[in-house]
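So the sequence shown is residues 253 to 441, counted in the numbering used here. One structure below.
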Amino acid sequence: MTRRQFLSAFVAGGALLVPPVARAIDPGFWTRERQLWIRRDRPGRAREEFRVIYWANGQYDYNNYIRLCYLFRDSLTEDVAAINARLLDLMYGMQRWTELEAGVLLPIDLLSGYRTISHNRSLENAASNSEHPRGNAGDIRFPSVAPSITARRAKYFQMGGVGVYPSFTHVDVGRVREFVGKLPKRASQ
Numbered sequence: 253m254t255r256r257q258f259l260s261a262f263v264a265g266g267a268l269l270v271p272p273v274a275r276a277i278d279p280g281f282w283t284r285e286r287q288l289w290i291r292r293d294r295p296g297r298a299r300e301e302f303r304v305i306y307w308a309n310g311q312y313d314y315n316n317y318i319r320l321c322y323l324f325r326d327s328l329t330e331d332v333a334a335i336n337a338r339l340l341d342l343m344y345g346m347q348r349w350t351e352l353e354a355g356v357l358l359p360i361d362l363l364s365g366y367r368t369i370s371h372n373r374s375l376e377n378a379a380s381n382s383e384h385p386r387g388n389a390g391d392i393r394f395p396s397v398a399p400s401i402t403a404r405r406a407k408y409f410q411m412g413g414v415g416v417y418p419s420f421t422h423v424d425v426g427r428v429r430e431f432v433g434k435l436p437k438r439a440s441q
């Protein structure tokens, strides 16, 4: 598939929803294997990194899905929860788009995924109705890609919320909305 065909699928609207026009442009994009390359750095711990095919032969690969759920675990409590597969699909689409733009596959840096309710409540400026405790959200960035560019790509999918912060982008598969996030006072000092 050419870059033009790929971007045309997005402009046609909601590529993850696979509208007929997108299937006509590249009928195989959403039926071929879906691979994610995600890495996570946590203070005081070794980097974790998975590059896995999580969807193949028309279905999700359970073992690799579990690996990704583990990577998305709560960074404070280490609790693991089911991550919404639509979030993984959104990240897959964003990663492929970024690859076409950059000319090389770039990893997704996952800063925050699932959060327990108590962890979420303890965070300054965290939304009380956050999608993180539902396994529907990730705070991400791509190396050398501005958060505003990452947000613009996420918005094309119309899959949920998109928030732009100074150093990362929030994406979720809750209700469609957009916002500019504020960092906690202690993080911005």
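C-beta atoms are modelled at their ideal positions from N, C-alpha and C, and glycine is treated no differently.
When we look at the beta-carbon of residue i and count the other beta-carbons within 10 Å, is it buried (16 or more) or exposed?
i, result
"residue 415", "buried"
"residue 383", "buried"
"residue 360", "buried"
"residue 406", "buried"
"residue 356", "exposed"
"residue 403", "buried"
"residue 293", "exposed"
So what does DSSP say about residue i, is it helix, strand or coil?
i, result
"residue 302", "strand"
"residue 340", "helix"
"residue 431", "strand"
"residue 421", "strand"
"residue 345", "helix"
"residue 354", "helix"
"residue 403", "helix"
"residue 323", "helix"
"residue 335", "coil"
"residue 373", "helix"
"residue 409", "helix"
Among residues of its own chain, excluding the 5 on either side of residue i, which ones have a beta-carbon nearer than 6 Å to its beta-carbon?
i, result
"residue 324", "335, 365 and 366"
"residue 368", "326, 329 and 331"
"residue 363", "391 and 420"
"residue 432", "416"
"residue 317", "306"
"residue 284", "none"
Cβ of residue i less than 9 Å from any chain B Cβ?
i, result
"residue 387", "The chain inventory of the structure shown lacks chain B, comprising one protein chain alone."
Could you name the residues that DSSP lists as bridge partners for residue i?
i, result
"residue 308", "311"
"residue 389", "424"
"residue 382", "Bridge partners of residue 382: none, in fact."
"residue 364", "391"
"residue 290", "302 and 360"
"residue 415", "422 and 431"
Short of 8 Å in beta carbon distance, which residues of its chain neighbour residue i, apart from the five on each side in sequence? Order them along the chain.
i, result
"residue 320", "288, 290, 302, 304, 306, 335 and 340"
"residue 322", "332"
Closer than 7 Å by C-beta to residue i: which residues in its own chain qualify, once you throw out the five before and the five after it? Chain order, please.
i, result
"residue 276", "Because residue 276 carries a pLDDT of 40, less than 50, the predicted location of this residue cannot be relied on, and no value is offered for it."
"residue 372", "378, 382, 384 and 385"
Exercise. Hey, is the region 388-406 in contact with the region 328-340, meaning 3+ C-beta pairs nearer than 8 Å?
Worked result: yes
How about the region 285-294 and the region 341-351: do they share at least three Cβ pairs that are nearer than 8 Å?
yes
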